[in-house]
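A.B. asks: Numbering (this note's numbering), first residue to last: 1215 to 1677. The structure is given below, and queries will be raised subsequently.
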């Protein structure tokens, strides 16, 4: 079987192509328990009589006996005692007749450094998780349990305690750990400390999500702990690692949307959260919908929801209602359509047409145009004219001083010498195999017409 991926995604490809449960079934018997599979640990003999090895739908396994946590490559490495993840990936591919892509030396070096950082962060997270159950981790453990994260969630998500006793939150990005987020327990500010750009394997914040991207529906949130809270509540979630989404994050989400993913934005219950939510809904239209904030006092985000109501039906009922009632950016914009004719058209071009132009599928765009055209005071002609005007404006380009590049005089000096038109036409005719004095005059006229329509004056002021 030949794998042909983008460079650098060997481990991601194995997670995509290999069924972890199928691989593990050769080493231990697995039984279904809800959406997970359980069995006895294949890495070491369990002392208890209860199966402690669990396989989750996101392609990860966790052992509550030996504390193993990882994907198919990490299991293969641990089981066979292979020195590096890359060697384990190649050995796994050989065992299952998969052909991995060859990496050019530069790409291989970049990927090696990235994997080294991921492995280093994973080791830190595992050490922090073990510390959670020590005397030094008492405050962090109390905080997590008070927020609704029980022992199973702590182990499943590898939550822990930092050496100074604060809460350790793994910066999951798909199945890899890209850093450690520290949530302070002493009341000092800032509450959260995030990994620096230099510490992150990609050199930037990635999307914070516990599973590899799929064509599923996700809840989008700002806070890091909200992603974990929603996971405990059985929801797929993606976070921005604190604050708002970067340009790269928006591009990643849009790419997921093109591949079938859909998003429900759950804003924090404050003015800033709602404003950021509307902006995100516009950027991700037509793939995203915006939910109302969580109802009730002192219920700012998903982490508060878990802390207040736990994993019971009330939490799930609140989330299901918000998800069902969520609206997209177009619906939100149409609700604020002005009454005056001119204001309506200006608003149409400013707020609505840019959303329409983000829809790439012609049939879908046509359906949206029909919907907008039915609004009071609009019709299909007005909407299509507005679209044409916005598209024409988008095509215009006015150079700014930063865009203009100074041309060295030696490069333009020959253009100031007499006979430049004759030389250009002569060379052009030779290149095209054109002969004849009459043809030369025609070409000269065409060049003059085209140049006069497009070129600025020369430095001496002549055309």
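All C-beta atoms in this analysis are idealised placements derived from N, C-alpha and C, irrespective of residue type, glycine included.
#1: Buried or exposed: which applies to residue 1208, given that a residue is buried once 16 or more other Cβ atoms fall within 10 Å of its Cβ?
#2: Between which two residues does the beta strand (DSSP E) carrying residue 1335 extend?
#3: How many angstroms separate the CA atom of residue 1568 from the CA atom of residue 1479?
#4: Classify residue 1560 as buried or exposed, calling it buried when 16 or more other Cβ atoms lie within 10 Å of its own Cβ.
#5: Where do the ends of the beta strand (DSSP E) carrying residue 1586 lie?
#6: Could you check if residue 1342 is buried or exposed, using at least 16 other CB atoms within 10 Å of its CB as the buried criterion?
#7: Taking C-alpha atoms, which residue in 1390, 1350, 1372 and 1254 lies nearest to residue 1380?
#8: Indicate whether residue 1439 and residue 1517 have their beta-carbon atoms separated by less than 8 angstroms.
#9: Quick check: what's the CA-CA separation for residue 1571 versus residue 1584?
#10: For the candidate residues 1529, 1261 and 1596, whose alpha-carbon lies nearest to that of residue 1555?
#11: Ordered along the chain, which non-local residues of its own chain (more than five positions away) have a Cβ less than 6 angstroms from that of residue 1587?
#12: Where do the N-terminal and C-terminal ends of the alpha helix (DSSP H) with residue 1225 fall, by residue?
#13: Classify residue 1639: buried if its beta carbon has 16 or more other beta carbons within 10 angstroms, exposed otherwise.
#14: Between residue 1226 and residue 1326, what straight-line distance do the alpha-carbon atoms span, to the nearest angstrom?
#15: Identify the continuous beta strand (DSSP E) that holds residue 1301 and give its terminal residues.
#16: When you compare the region 1408 to 1415 with the region 1425 to 1435, are there three or more beta-carbon pairs, one atom per stretch, that lie closer than 8 angstroms?
#17: Which complete alpha helix (DSSP H) runs does the region 1488 to 1532 hold, if anything under 4 residues is left out?
#18: Quick check on this structure: which residue in 1396, 1244, 1495 and 1362 has the alpha carbon closest to the alpha carbon of residue 1456?
#19: Taking the alpha-carbon positions, what's the residue 1577 to residue 1657 distance?
#20: When DSSP builds the beta bridges, which residues end up paired with residue 1477?
#21: Go to residue 1385, then tell me how far its beta strand (DSSP E) extends in each direction, as first and last residue.
#22: Put residue 1314 into one of helix, strand or coil per three-state DSSP.
#23: Going by C-alpha to C-alpha distance, which of 1302, 1558, 1448 and 1299 sits closest to residue 1370?
#24: Apart from the five residues on each side of it in sequence, which residues of its chain come closer than 7 angstroms, Cβ to Cβ, to residue 1661?
#25: Could you give the residue range of the beta strand (DSSP E) that holds residue 1452?
#26: Quick one: what does DSSP say residue 1618 is sitting in, helix, strand or coil?
#27: Here's the rule I'm using: 16 or more other beta-carbon atoms within 10 Å means buried, otherwise exposed. How should residue 1461 be labelled?
#28: According to the neighbour-count rule (16 or more other Cβ atoms, all chains shown, within 10 Å of its Cβ), is residue 1618 buried or exposed?
#29: Please classify residue 1403: is it buried, with 16 or more other beta-carbons within 10 angstroms of its beta-carbon, or exposed?
#30: Give every residue of the same chain whose Cβ lies closer than 8 angstroms to the Cβ of residue 1703, excluding the five residues on either side of it in the sequence, and list them in chain order.
#31: So what does DSSP say about residue 1639, is it helix, strand or coil?
#32: Return yes when the Cβ of residue 1504 is within less than 8 angstroms of the Cβ of residue 1540, no when it is not.
#33: Restricting to runs no shorter than 4 residues, where is the alpha helix (DSSP H) found entirely within the region 1241 to 1300?
#34: If I measure Cβ to Cβ from residue 1387 and keep anything under 7 angstroms in the same chain, skipping five residues before and after, which residues do I get?
#35: Out of 1280, 1274 and 1273, which has the shortest C-alpha to C-alpha gap to residue 1266?
C.D. replies: In this structure, then:
#1: In the structure as shown, the chain starts at 1215 and stops at 1677, and residue 1208 therefore has no counterpart that could be examined.
#2: Run containing residue 1335: none in the beta strand (DSSP E); it sits in the alpha helix (DSSP H), 1319 to 1345.
#3: 20 angstroms
#4: exposed
#5: Residue 1586 -> not in any beta strand (DSSP E); alpha helix (DSSP H) instead, spanning 1576 to 1587.
#6: buried
#7: 1350
#8: yes
#9: 14 angstroms
#10: 1596
#11: 1593, 1594 and 1597
#12: 1224 to 1231
#13: buried
#14: 14 angstroms
#15: Residue 1301 -> not in any beta strand (DSSP E); alpha helix (DSSP H) instead, spanning 1299 to 1309.
#16: no
#17: 1516 to 1523
#18: 1396
#19: 45 angstroms
#20: 1432 and 1502
#21: 1381 to 1387
#22: coil
#23: 1448
#24: 1635, 1638 and 1639
#25: 1451 to 1453
#26: Since pLDDT at residue 1618 reaches only 48, below the 50 mark, its modelled position is unreliable, and the value read off the structure follows with that caveat. Reduced to three states, the DSSP call for residue 1618 is coil.
#27: exposed
#28: Reliability of the predicted coordinates at residue 1618 is poor, the pLDDT of 48 falling under 50, and the value obtained from them is presented with this limitation in mind. When all chains shown are included, residue 1618 counts as exposed.
#29: exposed
#30: Residue 1703 is absent from the structure shown; the chain starts at 1215 and stops at 1677.
#31: helix
#32: yes
#33: 1286 to 1294
#34: 1420, 1421, 1422 and 1423
#35: 1280
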